[in-house]
């Protein structure tokens, strides 16, 4: 089975406050990361506040001249295909993706098909009530090592989430 593990960075906490500034997706086939990746820093088409830069580590200079979401949207759709997405806090990413696709007047069927989204945050909150369920906390709890060869947060987090998802989905 093919799954796409997705992570984004945004310039706000809701689409009313910001845009997607980084997107990463990695392909998982039959429980193994294949090495196929989709990753872009994006120009959010507005200044990034110092507060957000402190949180996500991305500033205006880093995204100057980068593509916009509109520029990469079709390539993203093609990468995902018809496969399920695995996302930590799926509603957050889904809301931003919905906003981005709405802004460019492009239909993406995944947005109207909740069955194509697997929310690992909801799963882990149910499994560990009252405990922290951030990716860092889960990595410690499940002894997941940071993948080698990347210092890009969204790409690293997508790979980590893939490992976590495989570990918990096969232990059911």
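Numbering (this note's numbering), first residue to last: 436 to 607.
Idealized CB from N, CA, C, for every residue including glycine.
Asked                                                                                                                                                                                         : Found
When burial is assigned at 16 or more other CB atoms within 10 Å of the CB, is residue 597 buried or exposed?                                                                                 : buried
Tell me whether residue 519 sits in a helix, a strand or coil according to DSSP, three-state version.                                                                                         : strand
Considering Cα atoms alone, identify which of 495, 559, 511 is closest to residue 473.                                                                                                        : 511
What would DSSP say about residue 460, mapped onto helix, strand or coil?                                                                                                                     : strand
Which residues mark the beginning and the end of the alpha helix (DSSP H) in which residue 590 is found?                                                                                      : 588 to 604
Could you tell me which residues DSSP puts in a beta bridge with residue 473?                                                                                                                 : 460
If you run the structure through DSSP and keep just helix, strand and coil, what is residue 445?                                                                                              : strand
For the stretch 511 to 520 against the stretch 588 to 595, do three or more pairs of beta-carbon atoms, one drawn from each stretch, fall closer than 8 Å, so that the two count as touching? : no
Spell out the partners DSSP gives residue 552 in its beta bridges.                                                                                                                            : 520
Would you kindly report the start and end of the unbroken alpha helix (DSSP H) that includes residue 546?                                                                                     : First-last for residue 546: undefined, no H or E at that position.
Using the Cβ count rule (16 or more neighbours within 10 Å means buried), how would you classify residue 539?                                                                                 : exposed
Find out if the Cβ-Cβ distance for the pair residue 446, residue 507 is shorter than 8 Å.                                                                                                     : no
Cutting at 7 Å between CB atoms, please list the residues of its own chain near residue 497, excluding the five before and the five after it.                                                 : 476
Sorted by chain position, which residues of the same chain lie with C-beta nearer than 8 Å to residue 553's C-beta, five sequence neighbours on each side aside?                              : 438, 519, 520, 521, 522, 525, 600
Tell me whether the beta-carbon of residue 503 lies closer than 8 Å to the beta-carbon of residue 478.                                                                                        : yes
For residue 448, is the classification buried or exposed, using 16 other Cβ atoms within 10 angstroms of its Cβ as the cut-off for buried?                                                    : exposed
Residue 451: buried (16+ other C-beta within 10 angstroms of its C-beta) or exposed?                                                                                                          : exposed
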